[in-house]
Amino acid sequence: MINQALLNPKSIVVVGGSNDVQKPGGAVLRNLIEGDFQGKLYVTNLKESEVQGIRSFPDPAQLPHVDLAIIAIAAKYIPATVELLATTKNTRAFIVLSAGFSEESEGGRLLEHEIIETINAVGGSLIGPNCIGVLTPAYHGVFTKPIPRLDPKGCDFISGSGATAVFIMEAGIPNGLTFSQVFSVGNSAQLGVEEILAYLDESFQPETSSRVKLLYLETISKPQLLLKHAASLIRKGCRIAAVKAGSSEAGSRAASSHTGALASPDLAVDALFRKAGIVRCYGRADLISVASVFTFPELKGKNMAIITHAGGPAVMLTDALSHAGMDVPHIGHPAAKELLAQLYPGSSVANPIDFLATGTAQQLGTIIDYTERIFNEIDGMAVIFGTPGLTPVFDVYDLLDQKMKRSQKPVYPILPSLLTAKEEMTAFIGKGNVFFPDEVVFGNALARVYQAHRPACEHPELPKVDLQRIRDIVDHAGEGYLAPKSIQGLMDACGIPRAGEAVVTSADEATRCASQLGFPVVMKVVGPVHKSDVGGVVLNVKDESAVACEFDRMILIKDTTAILIQPMLSGVELFIGAKFEPKFGHLILCGLGGIFIEVLKDVAAGLSPLSNDEALGMIRSLKSYKIIKGVRGQQGVNEALFADVMLRLSALLLAAPEIIELDFNPLLGKEDKVIAVDARICLGK
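When the letters of the sequence shown are read in order and numbered with the numbering used here, they come out as residues -13 to 671.
The structure is reproduced here in structure tokens:
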């Protein structure tokens, strides 16, 4: 639990504080002093009576009551120290900077567990161990630099890595990014990223709380907690960006279905972030750029004007925005000629608007005014301005400051002259501005922020299913893959359309059932995992003699227990699958089916349960979406029916959480129907 002793302590003791500011205990004490902590500050140090001008107690037992302990001593001594402080000094918050715990050994894990039990017993808060500490408006409880300017409207930043937190602040501060609070959670023994975010949600105040949250995660221990509170904060008007490191997986995992092969923990992270409305980032520069975009007014449309006095960066930004799905439209407004007349000969207002290297601050102001007030097709402006250092350009930076604060459309400054305009930049940032040093990184970040999903519906309305029938089938089944009859029963109980079929074990039964289903038919082996690979699928079988001949051949294929017969159907081959991902829940995938799933691997993923909007969004995000829409006279697929199957699958997964892998592959889609032709369902109990 997070308490006021952690957030706003009236007294702090640095256990292991020293005069050596090159050690964590000395550095954190220095930062507390320089941060002008307003409460009572104590130190425990076995050898000193005074440390950095602060009274030191050789024995923690001599301390008065103290709210917060920041601990920087050897791991083996910490459990006893924590117990003494928690039980006799009324200490209710602990920041353990020291390493040597679960990140190192089993013995360290036991020490960590002992600390947690003591703190939990008194209802205390623990940050760490193995962290850099905490920065709040009340105190600078970190042993590192830099210490950013803390601004209530800055970013709340929670990091699972102390070093990464430092490097991200190092990258953000020179760009003008400010921070409100910083939490480095280290081993997350009690409080992790999810718990801190939950607190920020539960304590959110619309008038005073920061509306930008940045996360760096190496593990997601409680994805449902993260989803709940991230979505809640975004619904309250916040914006959240996150880096989830460790996205690659060494080696391929053995899987017995297409879904199992395609689904991965990282795909689940993508789905979680999308469902919550979190913008996913892939590095420090990326996170800083997205966070910087968050500080500007919301972009209302995707039409951007690029205003520049340098052609090359404008071309690169145009490419970046266009490739990312944004537009840089030609400006054909009649007033464009009027604007052009106010610029130097050779300028262009077509978009990019180029006012040349000789352009003035006054001309830049005129361009921004026209773009804001007259060019209604433009939603936002990116201003690229650098300098060769021949003359000071304070006037341009002052003008940008004014226009950014007054414009009804967002004005994004891209300022690459970090050295030649250093003094101008310092003054610009000092006025509370944020800028972007690189146009391509900015373009990609802007597009991702603009295209970010809103949080999904918390409790989507799902189709009604026959719960009793589903439970009867699942409860009477064993682990592993279900028999075709059980699969048919589950699909029927959910209302998922399927092809008529028969499972046969003799040639006579095969010919009789094929005649009843109607020729031509499809024949498939039951048993082998990859039917096509072993010659276990035959299409367009047209008469009884061909059925009997194929049955005799196919029944001899290794692992075959029966033959499945279905009528020959046509349509666009589609795929829907599901996989249980530990902690996250069920991941639902969709894409083109048949061999396309193996060749293209073009799938979209979402966390169950899906809403109708999520399902349609997944379909429309596919690279192969044009095929689903219908191309070159080809009949397309009914998207609403495709999405409906995903919703019915969501309902099935809620009713039967024992399902660990599922494939509907292929489904055949047309304008009037989407029907499942083949299915595999695996249970794990």
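Where is the CB? At the ideal position from N, CA and C, for every residue including glycine.
request  = At 3 residues or longer, and completely inside the stretch 600 to 655: list those beta strand (DSSP E) runs for me, N to C.
outcome  = As far as the stretch 600 to 655 is concerned, its whole beta strand (DSSP E) runs of at least 3 residues are 645 to 655.
request  = Return the first residue and the last residue of the beta strand (DSSP E) that S111 is part of.
outcome  = Position 125 of the sequence shown, counted from the first residue, corresponds to residue 111. S111 to I113 is the extent of the beta strand (DSSP E) around S111.
inquiry  = Going by C-alpha to C-alpha distance, which of E100, P115 and I144 sits closest to L121?
reply    = Taking the first residue of the sequence shown as position 1, residue 121 is located at position 135. Nearest in C-alpha terms to L121, of all of E100, P115 and I144, is I144.
key: Inter-stretch contact (C-beta, 8 Å, three-pair minimum) for the stretch 651 to 661 and the stretch 547 to 561   = Cβ pair count under 8 Å is three or more, so yes.
Other residues of its chain near V276: CB distance less than 8 Å, five sequence neighbours each side excluded = In the sequence shown, counting from the first residue as 1, residue 276 sits at position 290. Exclusion of the five residues before and after V276 leaves A227, V265, C267, A431, R434 and V435 as the residues of its chain whose Cβ lies within less than 8 Å of its Cβ.
inquiry  = Quick check: the Cα distance between Y202 and T67, rounded to an integer number of angstroms?
reply    = Position 216 of the sequence shown, counted from the start, is the residue given in the question as residue 202. Position 81 of the sequence shown, counted from the start, is the residue given in the question as residue 67. Those two C-alpha atoms are separated by around 30 Å.
query = Using the beta-carbon count (16 or more within 10 Å), is Q348 buried or exposed?
reply = Position 362 of the sequence shown holds residue 348. Exposed: under 16 other Cβ atoms inside 10 Å.
task = Give me the Cα-Cα distance between L638 and I614, rounded to the nearest whole angstrom.
result = For the purposes of this step, residue 638 is taken as the residue at position 652 of the sequence shown. For the purposes of this step, residue 614 is taken as the residue at position 628 of the sequence shown. One C-alpha to the other measures close to 25 Å.
query = Does the Cβ of V617 have 16 or more other Cβ atoms within 10 Å, making it buried, or fewer, making it exposed?
reply = The residue given as residue 617 occupies position 631 in the sequence shown. Around the C-beta of V617, fewer than 16 other C-beta atoms lie within 10 Å, and the residue is accordingly described as exposed.
query = Counting pairs of Cβ atoms below 8 Å between the stretch 388 to 407 and the stretch 351 to 361, do you hit three or more?
reply = With contact defined as three or more Cβ pairs closer than 8 Å, the stretch 388 to 407 and the stretch 351 to 361 are in contact.
message = Can you find the residues in the same chain that come closer than 7 Å, C-beta to C-beta, to A479, ignoring five residues on each side of it along the sequence?
response = If you number the sequence shown from 1, residue 479 lands on position 493. Around A479: V451, D452, R455 and I456.
task = Please determine, among L627, Y356, T491 and R666, the residue with the shortest C-alpha to C-alpha distance to H660.
result = Reading the sequence shown from its first residue, position 674 is the one you call residue 660. The amino acid at residue 660 is misidentified as His; the sequence shows Val. Here the closest residue by C-alpha is L627.
query = For A642, which of A564, G580, E600 and R606 has the nearest alpha-carbon?
reply = Locating residue 642 in the sequence shown gives position 656, counting from the first residue. When each option's Cα is compared against that of A642, the closest is A564.
task = Whole angstroms is fine: what's the gap from S170's alpha carbon to G481's?
result = Locating residue 170 in the sequence shown gives position 184, counting from the first residue. Locating residue 481 in the sequence shown gives position 495, counting from the first residue. Rounded to whole angstroms, the gap between the alpha carbons of S170 and G481 is 49 Å.
request  = Specify the secondary structure class of C267 as computed by DSSP and reduced to three states.
outcome  = In the sequence shown, counting from the first residue as 1, residue 267 sits at position 281. Strand at C267.
message = For V54, list the residues DSSP reports as bridge partners.
response = Taking the sequence shown and counting its residues from 1, the one referred to as residue 54 is at position 68. Val is not the amino acid found at residue 54; the sequence shown has Leu there. L54 has I(-2) and A79 as its beta-bridge partners, per DSSP.
request  = Count the other CB atoms, across all protein chains shown, that sit within 10 Å of the CB of D22; report buried if there are 16 or more and exposed otherwise.
outcome  = Along the sequence shown, read from residue 1 onward, the residue named residue 22 stands at position 36. Its Cβ having fewer than 16 others within 10 Å, D22 is exposed.
task = Flag this pair as yes or no: are the beta carbons of I667 and L476 separated by less than 9 Å?
result = Position 681 of the sequence shown holds residue 667. Position 490 of the sequence shown holds residue 476. In contact: I667 and L476 (Cβ atoms closer than 9 Å).
request  = From the DSSP output, read off the bridge partner residues of N289.
outcome  = As a working mapping, residue 289 is identified with position 303 in the sequence shown. Answer is D313, bridged to N289.
ask   = Using CA coordinates, which residue listed in I646, Y356 and Q48 is at the minimum distance from T30?
value = Looking up residue 30 in the sequence shown gives position 44. Sorting I646, Y356 and Q48 by C-alpha distance to the C-alpha of T30 places Q48 at the top.
query = Using the C-alpha atoms, what's the distance from S472 back to S243?
reply = As a position in the sequence shown, residue 243 is number 257, starting the count at 1. As a position in the sequence shown, residue 472 is number 486, starting the count at 1. With a pLDDT of 48 at S243, under the threshold of 50, the modelled position of this residue cannot be trusted; read the value that follows with caution. When only Cα atoms are considered, S243 and S472 end up about 18 Å apart.
G263 versus Q437: straight-line alpha-carbon distance, rounded = Here the question's residue 263 lines up with position 277 in the sequence shown. Here the question's residue 437 lines up with position 451 in the sequence shown. Cα to Cα, the separation comes out at about 10 Å.
message = I need the DSSP call for D478, collapsed to helix, strand or coil.
response = As a working note, residue 478 is residue 492 in the sequence shown. Helix at D478.
ask   = Roughly how many angstroms separate the alpha carbons of M686 and L219, rounded to a whole number?
value = A question about residue 686 goes unanswered here, because the residues of the chain that appear run from -13 up to 671.
request  = Please determine, among Q210, S250, I206 and L71, the residue with the shortest C-alpha to C-alpha distance to V229.
outcome  = On the sequence shown, position 243 is the one that residue 229 refers to. Out of Q210, S250, I206 and L71, I206 has the C-alpha closest to the C-alpha of V229.
key: Whole-angstrom C-beta distance between I274 and L163, which should lie under 8 Å   = Walking along the sequence shown from the start, residue 163 turns up at place 177. Walking along the sequence shown from the start, residue 274 turns up at place 288. About 6 Å; that satisfies the 8 Å criterion.
Beta carbon of G486 nearer than 9 Å to that of Q552 = Along the sequence shown, read from residue 1 onward, the residue named residue 486 stands at position 500. Along the sequence shown, read from residue 1 onward, the residue named residue 552 stands at position 566. In contact: G486 and Q552 (Cβ atoms closer than 9 Å).
ask   = Which term fits T497, buried or exposed, when burial requires 16 or more other beta carbons within 10 angstroms of its beta carbon?
value = Locating residue 497 in the sequence shown gives position 511, counting from the first residue. T497 should be labelled buried.
key: For E284, the three-state DSSP class (helix, strand or coil)   = Locating residue 284 in the sequence shown gives position 298, counting from the first residue. Three-state result, E284: coil.
ask   = Cβ of V397 within 9 Å of Cβ of G366?
value = Locating residue 397 in the sequence shown gives position 411, counting from the first residue. Locating residue 366 in the sequence shown gives position 380, counting from the first residue. Between V397 and G366, the CB-CB gap stays under 9 Å.
key: Span of the beta strand (DSSP E) around G592   = Numbered from its first residue, the sequence shown carries residue 592 at position 606. Looking at the DSSP string, the run of the beta strand (DSSP E) that includes G592 is V589 to L593.
request  = Please determine, among V507, D545 and D538, the residue with the shortest C-alpha to C-alpha distance to K528.
outcome  = Within the sequence shown, residue 528 is the residue found at index 542, counting from 1. Of the listed residues, the one whose Cα sits closest to K528 is V507.
ask   = Below 9 Å between beta carbons: does that hold for L83 and N116?
value = Working through the sequence shown from its first residue, we reach residue 83 at position 97. Working through the sequence shown from its first residue, we reach residue 116 at position 130. Yes.
ask   = Roughly how many whole angstroms lie between the Cα atoms of V0 and Y28?
value = Here residue 0 corresponds to residue number 14 of the sequence shown, with the count starting at 1. Here residue 28 corresponds to residue number 42 of the sequence shown, with the count starting at 1. Each residue's Cα considered, the two are about 6 Å apart.
ask   = Between the C-alpha atoms of A291 and Q(-10), what's the straight-line distance to the nearest angstrom?
value = Mapped onto the sequence shown, residue 291 falls at position 305. Mapped onto the sequence shown, residue -10 falls at position 4. About 47 Å.
request  = For N106, name the three-state secondary structure that DSSP assigns.
outcome  = For the purposes of this step, residue 106 is taken as the residue at position 120 of the sequence shown. In this structure, DSSP gives N106 a helical state, which the three-state scheme calls helix.
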